[in-house]
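Enquirer:
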Amino acid sequence: MKITDIKVIVASPGRNFVTVKVVTDEGLYGIGDATVNGREKAVVAYLQDHVAPCLIGRDPGRIEDIWQYLYKGAYWRRGPITMAAIAGIDMALWDIKAKAAIMPLYQLLGGRSRERVMVYKHVGGLDIAEVVDGVQALREQGLDAIRAQVSIPGLPPIYGTGPSTDQAAGGMVQALPTEEVWATHKYLPLVPKLFEALRDNVGWDVHLLHDVHHRLTPIEAARLGKDLEPFRLFWLEDAIPAELQDGFRIIRQHTTQPLAVGEIFNTVWDCQQLISEQLIDYIRVTSVHAGGVTGLKKIFDFASIYHVRSACHGPMDVSPVAMGCNIHVDVAIPNFGIQEYSGYTEATHDMFPCAWSYERGYLQPGEAPGHGVDIDEAVAEKYPYAPAYLPVARLEDGTLTSW
Ligand code: KDG
Ligand code: MG
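In this note's numbering, the protein residues as written are 2 to 404.
If you want it as structure tokens, here you go:
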């Protein structure tokens, strides 16, 4: 079998997705996700100009060799653009191999280790009462794990704090980034009150999660971890900027609060210290940003020997293709933790017919050969690319800050 064509399809059924289609001389094709939210066109150029020409004529079955060729062979290793481009190709190659074997992808990864994949969804609110209502509503819809965020009094609702969390993550239409305001001293005392109210109202039989979006310093995160301990959170996510792996040591020294990080990591090297020194409990890499199925497996296999569990990033900007690959890995690996799942717009589902399914808080990969996700190119044509960005954050005095 030989690769005869590589198409890169950019479409925006509610948000921008970069999708790779690898075509072979035997009529089989595979699909991959290569979306980097807010930097989509950089991956498109990388794929079209620098990857596709090198792969035409190659055997699509040599997945590991092609991964190494694109990783080591580029000389310029790692980084979100390179690793998303590799991911797009890698997912498509696994899709082709599993279709050729007439097996769902998880069978090629060793078969099932579990019967279903637990997900968490998001709830946000303008105040604590609204968040309590939202969490109760999701409980009624079957969710066993829920991420809770609340707006900060005195600040306008911002990304990942208020009711618009999913909308902000899913429906960004602004042509340039919006600028938001952050104040740690207003946030820190509020979060324990939120989780106290949640435990009082929804009880202890539900996993509660919280995302800090990289906004604290290590000692601030340690304080928050200690304050949250009585409410037994499933995890505290992205407590500090992810680059500083040593910073997690300070948090760890002060709290037994489980810690999660990794949604912006691209390779095992970004989390090697965090995992081998057992500074975290959940590693949140996802197929599209960590070099595809091959990259994800390398990281999760490494994590498994240090008791670190998986938790694939799964917001709306991780397309249904990458979600499908995540779910196949989720059912197969021994150290699965949880899967983030925000759901998708109807237009997104129209564009990506898929075999995986969601029901009452749990996902299934489906039994279709391959990873089970396709792209309807006629539907994609109806939704042209529209520039969109994540917001940036500033302190109240105007200083640009992490989020
Ligand atoms: O593109 C980045 C967003 O998807 C990300 O900020 C969402 O933090 C996020 C999460 O946990 O899903
Ligand atoms: Mg997050």
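Built from N, CA and C at the ideal position, the CB exists for glycine as well.
List, from N- to C-terminal side, the beta strand (DSSP E) runs of 3 residues or more that fit wholly inside the region 187-217.
Expert: Segments of the beta strand (DSSP E) lying fully in the region 187-217: 208-212.
Enquirer: Give a yes or no on whether the C-beta atoms belonging to Asp239 and Val213 are separated by under 8 angstroms.
Expert: Position 238 of the sequence shown, counted from the start, is the residue given in the question as residue 239. Position 212 of the sequence shown, counted from the start, is the residue given in the question as residue 213. Against a cut-off of 8 angstroms, the Cβ pair of Val213 and Asp239 comes out as a contact.
Enquirer: When the Cα of Gly161 is compared with those of Glu368, Pro316 and Ala369, which residue comes out closest?
Expert: Translated into positions along the sequence shown, residue 161 becomes position 160. Closest option to Gly161, Cα to Cα, is Pro316.
Enquirer: In the DSSP output, which residue or residues are listed as bridge partners for Leu237?
Expert: For the purposes of this step, residue 237 is taken as the residue at position 236 of the sequence shown. DSSP lists His211 and Leu260 as partners of Leu237.
Enquirer: Expressed to the nearest angstrom, what Euclidean distance is found between the alpha-carbon atoms of Ala169 and Arg361?
Expert: Residue mapping note: residue 169 aligns to position 168 of the sequence shown, counting from 1. Residue mapping note: residue 361 aligns to position 360 of the sequence shown, counting from 1. Interpretation of Ala169 is limited by its pLDDT of 41, a score under 50 that renders its predicted location unreliable; the figure taken from the coordinates is listed afterwards. Their backbone Cα atoms lie some 24 angstroms apart in a straight line.
Enquirer: Short check: CB of Ile32 to CB of Ala93, under 8 angstroms?
Expert: Locating residue 32 in the sequence shown gives position 31, where the first residue counts as 1. Locating residue 93 in the sequence shown gives position 92, where the first residue counts as 1. Yes, the Cβ-Cβ distance between Ile32 and Ala93 is below 8 angstroms.
Enquirer: Which same chain residues, not among the five before or five after Gln49, have their C-beta less than 7 angstroms away from its C-beta?
Expert: For the purposes of this step, residue 49 is identified with residue 48 of the sequence shown, where counting begins at 1. Val9.
Enquirer: So, with DSSP's three-state summary, where would you put Thr5?
Expert: Reading the sequence shown from its first residue, position 4 is the one you call residue 5. Here Thr5 sits in strand by DSSP.
Enquirer: Going by Cα to Cα distance, which pick from His372, Leu217, Pro54 and Thr257 is closest to Pro1?
Expert: Nothing about residue 1 can be reported from this structure: the residues present for the chain run from 2 to 404 only.
Enquirer: Please report the distance separating the alpha-carbon of Val203 from that of Val136.
Expert: Start at 1 with the first residue of the sequence shown, and residue 203 comes out as number 202. Start at 1 with the first residue of the sequence shown, and residue 136 comes out as number 135. Distance between the alpha carbons of Val203 and Val136: 8 angstroms.
Enquirer: Buried or exposed for His329, going by 16 or more other Cβ atoms inside 10 Å?
Expert: The count along the sequence shown starts at 1 and reaches residue 329 at position 328. Counting Cβ neighbours within 10 Å, His329 comes out buried, since at least 16 surround it.
Enquirer: In whole angstroms, what is the alpha-carbon distance linking Phe235 and Met119?
Expert: In the sequence shown, the residue the question calls residue 235 occupies position 234. In the sequence shown, the residue the question calls residue 119 occupies position 118. Roughly 13 angstroms separates the two Cα atoms.
Enquirer: Leaving out five residues on either side along the sequence, give the residues of the same chain with a beta carbon under 7 angstroms from the beta carbon of Trp404.
Expert: Your numbering for residue 404 matches position 403 in the sequence shown. Tyr160, Trp183, His214, His215, Arg216 and Ala394, listed in sequence order.
Enquirer: Quick check on the DSSP output: the beta strand (DSSP E) that includes Gly33 runs from which residue to which?
Expert: Numbered from 1 along the sequence shown, position 32 holds the residue referred to as residue 33. Taken as a continuous stretch (DSSP letters only), the beta strand (DSSP E) holding Gly33 covers Tyr30 to Asp34.
Enquirer: Please confirm whether any heavy atom of the ligand MG lies closer than 7 angstroms to the CB of His290.
Expert: Stepping through the sequence shown from its first residue, residue 290 is reached at position 289. Result no, Cβ not under 7 angstroms from the ligand MG.
Enquirer: Got a sec? Which residues, its chain only, sit under 6 angstroms from Val319 by beta carbon, not counting five neighbours each side?
Expert: In the sequence shown, counting from the first residue as 1, residue 319 sits at position 318. Around Val319: Thr287 and Val289.
Enquirer: Give me, in chain order, the residues of the same chain whose beta-carbon lies closer than 6 angstroms to that of Tyr188; leave out the 5 immediate sequence neighbours on both sides.
Expert: For the purposes of this step, residue 188 is taken as the residue at position 187 of the sequence shown. Closer than 6 angstroms at the Cβ level, and outside the excluded window around Tyr188, lie Ile153.
Enquirer: Tell me where the alpha helix (DSSP H) around Arg250 begins and ends.
Expert: Taking the sequence shown and counting its residues from 1, the one referred to as residue 250 is at position 249. Taken as a continuous stretch (DSSP letters only), the alpha helix (DSSP H) holding Arg250 covers Gly248 to His255.
Enquirer: When we look at the beta-carbon of Gly172 and count the other beta-carbons within 10 Å, is it buried (16 or more) or exposed?
Expert: In the sequence shown, counting from the first residue as 1, residue 172 sits at position 171. Low confidence applies here, because Gly172 scores a pLDDT of 45, under 50, leaving its location unreliable; read the following figure in that light. By the 10 Å Cβ count, Gly172 comes out exposed.
Enquirer: Report the rounded CA-to-CA distance for Pro193 versus Asp398, giving the unit in angstroms.
Expert: As a position in the sequence shown, residue 193 is number 192, starting the count at 1. As a position in the sequence shown, residue 398 is number 397, starting the count at 1. Each residue's Cα considered, the two are about 26 angstroms apart.
Enquirer: For Ala389 and Glu41, what's the separation of their Cα atoms in angstroms?
Expert: The residue labelled residue 389 in the question sits at position 388 within the sequence shown. The residue labelled residue 41 in the question sits at position 40 within the sequence shown. Their backbone Cα atoms lie some 9 angstroms apart in a straight line.
Enquirer: Check Val332 in the structure and name its three-state DSSP category.
Expert: The residue given as residue 332 occupies position 331 in the sequence shown. Correct three-state label for Val332: helix.
Enquirer: So Leu364 is in the beta strand (DSSP E); what residue range does that whole segment cover?
Expert: Taking the first residue of the sequence shown as position 1, residue 364 is located at position 363. Counting along the chain, the beta strand (DSSP E) containing Leu364 begins and ends at Tyr363 to Gln365.
Enquirer: Looking at C-alpha atoms only, which residue of Pro335, Ala369 and Thr346 is the closest neighbour of Cys355?
Expert: Position 354 of the sequence shown, counted from the start, is the residue given in the question as residue 355. The residue with the shortest Cα to Cα distance from Cys355 is Ala369.
Enquirer: Return the chain-ordered ranges of every alpha helix (DSSP H) run that is complete within the region 295-344 and spans a minimum of 4 residues.
Expert: DSSP runs (the alpha helix (DSSP H)) wholly in the region 295-344: 321-333.
Enquirer: Give me the residue from Asp134, Gly143 and Glu264 with the minimum Cα distance to Asp201.
Expert: By one-based count along the sequence shown, residue 201 stands at place 200. The residue with the shortest Cα to Cα distance from Asp201 is Asp134.
Enquirer: Answer yes or no: do Val23 and Tyr30 have a C-beta to C-beta separation smaller than 8 angstroms?
Expert: The residue labelled residue 23 in the question sits at position 22 within the sequence shown. The residue labelled residue 30 in the question sits at position 29 within the sequence shown. Against a cut-off of 8 angstroms, the Cβ pair of Tyr30 and Val23 comes out as a contact.
Enquirer: As a quick exercise: from Thr400, Tyr307 and Ala43, pick the residue whose alpha carbon is nearest that of Gln279.
Expert: By one-based count along the sequence shown, residue 279 stands at place 278. Answer by Cα proximity: Tyr307.
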